[in-house]
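Here the protein sequences line up with chains A and B, keeping their order.
So for the first sequence, full-length UniProt numbering puts the first residue at 1; every next one is plus one.
So for the second sequence, full-length UniProt numbering puts the first residue at 1; every next one is plus one.
Before any comments, here is the structure.
There are 2 protein chains.
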Amino acid sequence: MAKATIKDVARVAEVSVKTVSRVLNNEPNVRPVLQEKVHAAVKALDFKRNPLARGLRGQQSFIITLLYSNPNPGYILELQNGALAQCIEQGYNLQVHPCDHNSPDLLKSVESITRYSSQDGFILTHPLCDNKELLAMLDEKGIPFVRISPFTQEHSSPYVMSDDESAAYEITKYLISLGHSSIGFIKGHPDFGATHKRYQGYQRALKEMAIGLDETIVKQGLFTFESGETCARQLLSQKDRPSAIFASNDYMAAAVLKVAAQMKISIPAELSVVGYDNAPVSQQIWPSITTVKQPIQRMAESVVEKLIRQIKKQPFDDIQTKFECELITRNSTSPCA
Amino acid sequence: MAKATIKDVARVAEVSVKTVSRVLNNEPNVRPVLQEKVHAAVKALDFKRNPLARGLRGQQSFIITLLYSNPNPGYILELQNGALAQCIEQGYNLQVHPCDHNSPDLLKSVESITRYSSQDGFILTHPLCDNKELLAMLDEKGIPFVRISPFTQEHSSPYVMSDDESAAYEITKYLISLGHSSIGFIKGHPDFGATHKRYQGYQRALKEMAIGLDETIVKQGLFTFESGETCARQLLSQKDRPSAIFASNDYMAAAVLKVAAQMKISIPAELSVVGYDNAPVSQQIWPSITTVKQPIQRMAESVVEKLIRQIKKQPFDDIQTKFECELITRNSTSPCA
DNA sequence: TTTATTGTTGATAACGTTATCAGTAATGAT
DNA sequence: ATCATTACTGATAACGTTATCAACAATAAA
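Written out as structure tokens, the structure reads:
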């Protein structure tokens, strides 16, 4: 059997194609009797509208593109799943597109995506969402987009973010509550907004508890395992080594565990370690790592909702939505000896 | 400036729209002179065809859907990236769709995807590609699909696979070459084809080296960290515990490391451990885990190529393409004491 | 009652491409 | 020189939907 079209539905329901279209699009001014008839016909024929035809005529494709360049697979996949769930609910499809945020061809690459696959909007993950040229280009082309965890909040497009500053503050306070006062810090990659927010939260907690900031136990990492290893080695070979280390993500926290193991420093007895992100490794390692979990899935759902609102030119409540993170205590932390 | 259409190109190139279309689709029988003119006009107008209109008229969407249900984020993302690269090269777009292979609604869910977003074909990852009802449904609907690492090879659709049996054989032989003769094995989830192939490779290596299969040191895992932990505990608390353990994936190998640490068994000095998959954790843990890396990216590219061939009804060389894996030796293995 | 407004409906055009088919020019065969 | 074939080109229909607009019926206002 060939696929049913609106014409078929119209014939069966004994109305015009336009009326069928009206019903399917929830347009007003159709008598309930006819609505019933149309719905019955749709069901009887198992009719689904052709998204291509819909898109061609309606100047929209019902496709949303997720643009990512973040190398953290667990994060991206969770984001993707959350975004997709919301897309499906709203009748959209999700297309994905990885890109290299360091490449000089980034703009060209995104530009070509906009040409070859007509999408109604973009979701930008960090650090893409802090690329001013990219934002400017999308603005100029008039393509709606939303941002996830941007650092620069100047732009007027909607975004969601997790409260990294607060979460970093909380986890630092947690370490302090365990009696730690010498708490090393490993920063993330300077290009990422989260890096600065997490560091700010760390500083606020220290300040509030009247612990001076000791810059000799603050190291610049890059969010990679290798960078964490280098920093950990520096931190742990100092004569007065910290009794706890806050690594800006779990990869670097795992690296701290490695260096500690090599140096025969027992965790958590002699050194407490916390990470950030609740990456898979934080559970797959022993001791498992105390960390912060962002509600990634919910953030993704929320941001898609914002995007679709923007596409449909519906008003939306807030440009910004902030999500609270959750502290997950595991086995890498214990009271200070 | 509004987007250029074929009409505009035709006007500028002083030919008919059909001739433009012919040139763009590489159809024969257009004089070189006109081809030149068209190409010049396309370039001058920066023209790109509208994929929606193309799809509507041509009965194809240039969209390929990647269907996955595998919970391994690193694996999926690498697959996705590889597939996408090939899609772009061939002018296709990639849509993704996670689904739950245990859900009774799986068929319905996939069915609804086929209705709401017209795609030209599917990529099925395992274990979805071993679901007979799913294959039957796609067959009945006449939607082309390809499979990645299927277990049941009965179906006539093309597929790619990595040679799990060989790789498992090689890594087992590697352990034997280090002097190990009591090698424990933790199986994967029985629903996955890879589980059986890896076990077969293990058995073949033992047989070839005249080592009897000792079923008391073969445990049934589920590919999860938790299942690995349970199996490891059983294996390591036996009186004659094995001197090496082959876990069917890296998550379970990481679990072995955890149990060993808790039982004060030093790795690799007292126990060698190997995993499979080259998951991120295998590098982020200490000691880092000797493992097997599948050429996931290349497999994805190859499978997309097969799919597009099938979509275009072009002949393809081989139904099956097999890829060799790579043994990556790290720090979790050493000669038997 | 008459007029203005609102609600309801459908015929037809339009979205931007590819497919069909017919027509003309060029080439080859007889 | 004539006819058959092949190469080339374009006018127009078609894909399946939504948008425009006109028409008419029902209701409210005068």
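Idealized CB from N, CA, C, for every residue including glycine.
Subject >> Residue-level contact to chain A via CB, Leu236 of chain B, 9 Å cutoff >> reply: no
Original post:
Closest Cβ-Cβ distance between His101 of chain A and chain B: below 9 Å?
Top reply: no
Subject >> Residue interval of the beta strand (DSSP E) (run including Gln310 of chain B) >> reply: Per DSSP, Gln310 of chain B belongs to no beta strand (DSSP E); it is in the alpha helix (DSSP H), Ile296 to Ile311.
Subject >> CB of Tyr169 of chain B within 9 Å of CB of Gln320 of chain B, strictly >> reply: no
Original post:
Any idea if Ser156 of chain B is buried or exposed, counting beta-carbon neighbours within 10 angstroms, 16 or more meaning buried?
Top reply: exposed
Original post:
What does a CB cutoff of less than 6 Å around Met209 of chain B pick up in its chain, not counting 5 residues either side in sequence?
Top reply: Ile176
**OP:** Taking Ile171 of chain B as the reference, give the member of B:Ala40, B:Lys322, B:Thr291 and B:Glu14 with the closest Cα.
**Re:** B:Thr291
Original post:
Is Leu77 of chain A helix, strand or coil when you go by DSSP?
Top reply: helix
Original post:
Exposed or buried, Lys3 of chain B, counting other C-beta atoms within 10 Å across all chains shown (16 or more means buried)?
Top reply: exposed
Subject >> Contacting residues, own chain, Cβ-Cβ under 8 Å from Met137 of chain A (five flanking each side not counted) >> reply: Leu107, Val110 and Glu111
**OP:** Check each candidate in B:Ile308, B:Asp250, B:Thr114 and B:Ala260 and name the one with the smallest Cα separation from Pro242 of chain B.
**Re:** B:Ala260
**OP:** Compare the C-alpha of Met299 of chain B against each of B:Glu78, B:Leu52 and B:Ala255 and name the closest.
**Re:** B:Glu78
Original post:
Can you name the residues of chain A whose CB is closer than 8 Å to the CB of Gln262 of chain B?
Top reply: Trp286
Original post:
Under three-state DSSP, which class holds Pro280 of chain B?
Top reply: coil
**OP:** Could you name the residues of chain A that Leu107 of chain B contacts, counting a contact when the two beta carbons are closer than 8 Å?
**Re:** In chain order: nothing, as chain A lies at least about 15 Å away.
**OP:** Can you give me the start and stop residues for the beta strand (DSSP E) that Met161 of chain B sits inside?
**Re:** Tyr159 to Ser162
Original post:
What do you reckon, are the CB atoms on Pro98 of chain A and Tyr75 of chain A nearer than 9 Å?
Top reply: no
Subject >> Gln283 of chain B classed as buried or exposed, judged by whether at least 16 other C-beta atoms fall within 10 angstroms >> reply: buried
**OP:** Note down the Cα distance separating Gln59 of chain B from Ile88 of chain B, rounded to an integer number of angstroms.
**Re:** 20 Å
Subject >> For Arg49 of chain B, the three-state DSSP class (helix, strand or coil) >> reply: coil
Subject >> Beta-carbon spacing of Val304 of chain B, Ala83 of chain B below 9 Å >> reply: yes
Original post:
Tell me which same chain residues have a C-beta within less than 6 Å of the C-beta of Phe185 of chain A, skipping the five on either side of it?
Top reply: Tyr202, Val218 and Phe246
Subject >> Coarse secondary structure for Phe316 of chain B, derived from DSSP in three states >> reply: coil
Original post:
Along chain A, in chain order, which residues have C-beta atoms closer than 8 Å to that of Asn81 of chain B?
Top reply: Pro98
**OP:** Measuring alpha carbon to alpha carbon, tell me which of A:Cys336, A:Ala85, A:Gln95 and A:Glu140 ends up nearest Gln119 of chain B.
**Re:** A:Gln95
Original post:
To the nearest whole angstrom, what separates the beta carbons of Gly188 of chain A and Ser248 of chain A, a pair I think is in contact under 8 Å?
Top reply: 4 Å
**OP:** For chain B, find out if any of its Cβ atoms is closer than 9 Å to the Cβ of Glu215 of chain A; answer yes or no.
**Re:** no
**OP:** Under the assumption that Phe225 of chain B contacts Tyr199 of chain B (Cβ atoms under 8 Å), give the Cβ distance between them as a whole number of angstroms.
**Re:** Rounded, the Cβ-Cβ distance is 20 Å, inconsistent with contact.
Original post:
Which ranges would you report for the alpha helix (DSSP H) in the segment 127-152 of chain B if only whole runs of at least 4 residues count?
Top reply: 132-141
**OP:** Measuring only between beta-carbons, confirm whether Glu78 of chain B sits less than 9 Å from chain A.
**Re:** yes
**OP:** Starting from the beta carbon of Tyr251 of chain A, find every residue of chain B whose beta carbon is closer than 9 Å, and list them in chain order.
**Re:** Pro280 and Gln284
Original post:
When we look at the beta-carbon of Ala255 of chain B and count the other beta-carbons within 10 Å, is it buried (16 or more) or exposed?
Top reply: buried
Original post:
Quick one: what's residue 354 of chain B bridged to in DSSP?
Top reply: Any property of residue 354 of chain B remains undetermined from this structure, which presents chain B solely from 1 to 337.
Original post:
Across which residues does DSSP place Gly184 of chain A in a beta bridge pair?
Top reply: A:Ile245
Original post:
How big is the Cα-Cα spacing for Ala269 of chain B and Arg309 of chain B?
Top reply: 51 Å
Original post:
Can you tell me whether Leu213 of chain A is buried or exposed, with buried defined as 16 or more other CB within 10 angstroms of its CB?
Top reply: exposed
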